[in-house]
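*Asks:* Sequence lines, in order, name chains A and B.
Counting with our numbering, you get residues 6 to 430 for the letters of the first sequence.
Counting with our numbering, you get residues 6 to 430 for the letters of the second sequence.
Next up is a structure, given as structure tokens.
Number of protein chains: 2
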Amino acid sequence: MSEQYERMWEGLGLDLGAHDALLEVLGKGYQDIYLAQKNRPEAMAYFDFVMSEVHGLRIRELLDEKAAGRKVIGSFCVFVPEEIVRAADATLVGLCTGADFAMEEVEKLLPRNTCSLIKSAFGFKLGKVCPYIEASDMLVGENTCDGKKKSFETLKDLVSKFHIMDIPQMKSVEGRALLKAEYLRFKEAVEKLTGITIDAGRLKKGIEIVNNKRKAIHRLASLRKANPVPISGLDALLVNQVYFYDDPARFTDSVNKICDELEVRIEKNEGVVPETSPRILLSGCPMAVPNWKLPWIIETCGAVIVGEESCVGERGTRNLTDDTGGTVDELMEAIVDRYCKVDCAIFTPNPDRFEHIVEMFEQYQADGVIHYSLQFCQPYLMESMPVEKALEAKNIPTLRIETDYSLEDVGQLKTRVEAFLEMVK
Amino acid sequence: MSEQYERMWEGLGLDLGAHDALLEVLGKGYQDIYLAQKNRPEAMAYFDFVMSEVHGLRIRELLDEKAAGRKVIGSFCVFVPEEIVRAADATLVGLCTGADFAMEEVEKLLPRNTCSLIKSAFGFKLGKVCPYIEASDMLVGENTCDGKKKSFETLKDLVSKFHIMDIPQMKSVEGRALLKAEYLRFKEAVEKLTGITIDAGRLKKGIEIVNNKRKAIHRLASLRKANPVPISGLDALLVNQVYFYDDPARFTDSVNKICDELEVRIEKNEGVVPETSPRILLSGCPMAVPNWKLPWIIETCGAVIVGEESCVGERGTRNLTDDTGGTVDELMEAIVDRYCKVDCAIFTPNPDRFEHIVEMFEQYQADGVIHYSLQFCQPYLMESMPVEKALEAKNIPTLRIETDYSLEDVGQLKTRVEAFLEMVK
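Written out as structure tokens, the structure is:
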């Protein structure tokens, strides 16, 4: 696709040579990990197409939107309320991360002991290989973990427009007030950027668009409770990843099409893997494209992932936003309520997450939990220890994995996962 | 001193064998690092005595206070307002950390990639060797960095009474409101613990006690501007460390006695080291007793530390609390204002710290800055990179050190410090 889009990428200031190299690696990875799977739902073809055009057609669409006067906002986190962005006819996109790039440049700006996700976001920017960040009219950074919070102080100087959003550490009265103040400030920033005043009607529409995406994802998640499970964890993860990039209405339709197909499979008792395959719940840090290493290891070891307790997964999408309010303030309150339920490990204490993992384990009929932490991600690493204890107290087999984006530990991880799978089933 | 206090330590539930071993190592370290120094001020004898009795006489005093109905509150951070504690006739003590202890037990509860300070605090508790934590009626944990915030979820179950204090991440209107709400909640907790209602008179008195400690420290700091400098950095650091343990009035007197002596030295142009010794400003993470490794390396390499931009140092003590208010609310506002000025790296952005480092460099006539980060301390590690850039832009020689509490890297650090010192002077 290089030739077709070369001028577009050049216009965005990408490093064409480096970008070509990246696309080649991505394409090869997708081939080996995704297309090598057997028995995939036919409707996944749409997602294969999306991935093949993730730096091409989708970017062209965003640039067309921009040419028509719409704005593009880039984000790193599920705490950035897409409802508000959609209310202003703008588009929210998740920014590139998920693979090591330009690490030598990155380590001039960030400590070596920084998590892969943050380093990767910097690498894509410094290496000039992320068309999403270059196409964005504004970036939003949120004060979640120390790593992101402090690294944004450097990132803000590398881009043209950066909006910092403060996030509470406790779900207290003051914490909620802070989140509300910050969401109101974000609404103002979006209004200023787009020139559109967000009224109740627009906000209601924005909530509807995002809720529809979530409802489609809920439907997909629910079908994974079946045994045999009708879709692989890798494919379901991809759907959850594309959630952050794609046009919302088209995405919603495409997920529903997969669900139609999966319902037929379930009726025929057809699984993507045999009924006897160990069913794994994956819990922990978010997995951005193309960070498929651990799910790929788990599923090529003969297990199947039936749910993701993750920001790229159920933590990010499970709660809908109440759209029954009649005024901007009522709807903003509903948005704040909705996001206050997100049980990220940055919160202290974070009991909802413990309960949610157990609930998912039971609902998805899982045989074991694999907890995934990025190395140096203190919130999830710290929380993984009490999570493991809480799960083991309920006799839920649990494996804690700490890794990064490199492929050096694939052999070691495979050995640990295999040993775990033998134990759970 | 073991025999004299054995029953007391036993009563506190200490592991006597392990505690004896710890005291032996501490005593040996103090001998080698502190008592081996030449040309020390005579008034440091008080601090030598304090250190020799840090687990003995001082604990006896605290237990005597408790027997008389007073309460002891333990803290890990300069954000816990001592003014409020003193207003209720209670005593605030800094808790043990600064050395690796019981690491095998610690790593069952915390990730290996946790900073030494946090691991050490757990180690002293799990190893049953910290009489301060055992003598405390209440511990206060503050949500500063991710590491402390999340580890407190585990620590709270290891002690009898734990008070969590939320801390903002930004110095915004909402951030300040959060700190005020949390300080009011802390005041209530202290009132409940002590049975004492804190009125304006008590709060004024509490502010006065703590301000007096700070003023004595300011006087000491100011005398270090002289060249030749009249006191070693190690001795000044010890004074800053004892600040967290000692009886405030006695501490204030003892610091002022050193200052009297240093003023005579300055008048006679007498230094603790030759005038030509490189003058170093130390900046970064706090250094708790007995974490003297880096200052000891710097000063045995022939340099002298003239200031500490640290929580155990000027970041923690430089601001006084305004005591002119007439009501509890006015005084609480003054306390909030005072602590809002602390420029810890957990805040984003944190421009005051950059300015303060430059200001200290100039005021103390330093020749270079050594920035000290604990490994895995994300806020200070992240901030050290823009700090280095900002200092180098002003032609201030800067060395960034990342280390932990082990002694394995002493040789390597010595080599780096020596090379740096050759460069600065």
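Beta carbons are placed, not taken as given, at the ideal position from N, Cα and C, and that holds for glycine.
What runs of the beta strand (DSSP E), each 3 residues or longer, lie entirely inside the stretch 372-399 of chain B?
*Replies:* 373-379
*Asks:* Can you tell me whether DSSP reads V415 (chain B) as helix, strand or coil?
*Replies:* helix
*Asks:* Does the separation of the CB atoms of E88 (chain B) and I340 (chain B) fall below 8 Å?
*Replies:* yes
*Asks:* So S141 (chain A) and V195 (chain A) are in contact, right, with Cβ under 8 Å, and what is the actual spacing, rounded?
*Replies:* About 13 Å separates the beta carbon of S141 (chain A) from that of V195 (chain A), a gap too long to meet the 8 Å contact definition.
*Asks:* Run through the DSSP bridge pairs and tell me what D171 (chain B) is partnered with.
*Replies:* B:N148
*Asks:* Distance check for F129 (chain A) and R181 (chain A), CA to CA, integer angstroms please.
*Replies:* 33 Å
*Asks:* Just to confirm before moving on: does the CB-CB distance between N217 (chain B) and F381 (chain B) stay below 8 Å?
*Replies:* no
*Asks:* Looking only at its chain, what residues have a beta carbon closer than 8 Å to the beta carbon of K176 (chain A), apart from the 5 residues adjacent to it on each side?
*Replies:* C345, F352
*Asks:* I'd like the ranges of any beta strand (DSSP E) spanning at least 3 consecutive residues and lying wholly in the stretch 69-145 of chain A.
*Replies:* Runs of the beta strand (DSSP E) lying entirely within the stretch 69-145 of chain A, each at least 3 residues long, are 77-80, 96-99 in chain order.
*Asks:* List in chain order: all unbroken alpha helix (DSSP H) runs of 4+ residues lying wholly within the stretch 219-301 of chain B.
*Replies:* If we require 4 residues or more, the alpha helix (DSSP H) runs fully inside the stretch 219-301 of chain B come out as 238-247, 253-272.
*Asks:* Using the three-state DSSP reduction, which class does L62 (chain B) fall into: helix, strand or coil?
*Replies:* helix
*Asks:* Please confirm if A432 (chain B) has its CB atom under 8 Å from at least one CB of chain A.
*Replies:* Because chain B in this structure spans residues 6 to 430, residue 432 (chain B) falls outside the shown range and cannot be described.
*Asks:* Going by beta-carbon coordinates alone, are G146 (chain A) and M170 (chain A) separated by less than 8 Å?
*Replies:* yes
*Asks:* Can you give me the Cβ contacts of R358 (chain B) inside the same chain, cut-off strictly under 6 Å, excluding the 5 residues immediately before and after it?
*Replies:* Residues D348 of the same chain have their beta carbon placed closer than 6 Å to that of R358 (chain B), with the five preceding and five following residues left out of the count.
*Asks:* Could you list which residues in chain B have their beta carbon closer than 7 Å to that of F381 (chain A), in chain order?
*Replies:* N118
*Asks:* For K394 (chain A), which of B:Y51, B:C264, B:G32, B:K113 has the nearest alpha-carbon?
*Replies:* B:K113
*Asks:* What does P384 (chain B) reach in chain A if we use C-beta pairs closer than 7 Å?
*Replies:* D151, K155
*Asks:* Are the beta-carbon atoms belonging to L208 (chain A) and V98 (chain A) less than 8 Å from one another?
*Replies:* No.
*Asks:* Touching or not, the stretch 58-66 of chain A and the stretch 272-290 of chain A, by the rule of three or more beta carbon pairs under 8 Å?
*Replies:* Verdict: no, contact absent.
*Asks:* With a CB to CB cut of under 7 Å and the five nearest residues on each side skipped, what residues in its chain are close to N355 (chain B)?
*Replies:* D348, E388
*Asks:* Determine the DSSP secondary structure at L336 (chain A), reduced to helix, strand or coil.
*Replies:* Helix, per DSSP.
*Asks:* Can you tell me whether V422 (chain A) is buried or exposed? The criterion is at least 16 other CB atoms within 10 Å of its CB, across all chains shown.
*Replies:* Classification of V422 (chain A): buried, given that the 10 Å Cβ count is 16 or more.
*Asks:* Going by beta carbon distance, what residues of the same chain come within less than 6 Å of K185 (chain B), once the five residues before and after it are set aside?
*Replies:* V341
*Asks:* Taking CB distances under 8 Å as the criterion, tell me whether T3 (chain B) reaches chain A.
*Replies:* The structure shown does not extend to residue 3 (chain B), since chain B is modelled only from 6 through 430, so no value can be given for it.
*Asks:* Inspect the beta-carbon positions of K313 (chain A) and N245 (chain A) and report whether they are closer than 8 Å.
*Replies:* Just to set this straight, residue 313 (chain A) is Glu in the shown sequence, not Lys. For E313 (chain A) and N245 (chain A), yes; Cβs fall inside 8 Å.
*Asks:* Here's the rule: buried if 16 or more other CB atoms are within 10 angstroms of the residue's CB, otherwise exposed. What is Q383 (chain A)?
*Replies:* buried
*Asks:* Quick one: what does DSSP say L325 (chain A) is sitting in, helix, strand or coil?
*Replies:* coil
*Asks:* List the residues of chain A whose Cβ lies closer than 7 Å to the Cβ of T159 (chain B), in chain order.
*Replies:* P391
*Asks:* Do V317 (chain B) and A293 (chain B) count as a contact pair if the criterion is CB distance below 8 Å?
*Replies:* Cβ atoms of A293 (chain B) and V317 (chain B): closer than 8 Å.
*Asks:* Tell me, please, whether the stretch 267-275 of chain B touches the stretch 283-299 of chain B by the rule of three or more beta-carbon pairs shorter than 8 Å.
*Replies:* no
*Asks:* Can you list, in chain order, the residues of its chain whose CB lies under 8 Å from that of E187 (chain B), leaving out five sequence neighbours each side?
*Replies:* Taken in chain order, the residues that qualify are M170, D171, I172.
*Asks:* Please determine, among B:S411, B:N44, B:C150, B:F191, the residue with the shortest C-alpha to C-alpha distance to Q174 (chain A).
*Replies:* B:C150
*Asks:* What would DSSP say about E407 (chain B), mapped onto helix, strand or coil?
*Replies:* strand
*Asks:* Can you find the residues in the same chain that come closer than 8 Å, C-beta to C-beta, to L325 (chain A), ignoring five residues on each side of it along the sequence?
*Replies:* N216, R219, K220, R343
*Asks:* Return the bridge partner residues of I310 (chain A) from the DSSP annotation.
*Replies:* Looking at the DSSP assignment, I310 (chain A) forms a beta bridge with A:I285.
*Asks:* When you compare the CB of D171 (chain B) with every CB in chain A, is at least one pair closer than 8 Å?
*Replies:* yes
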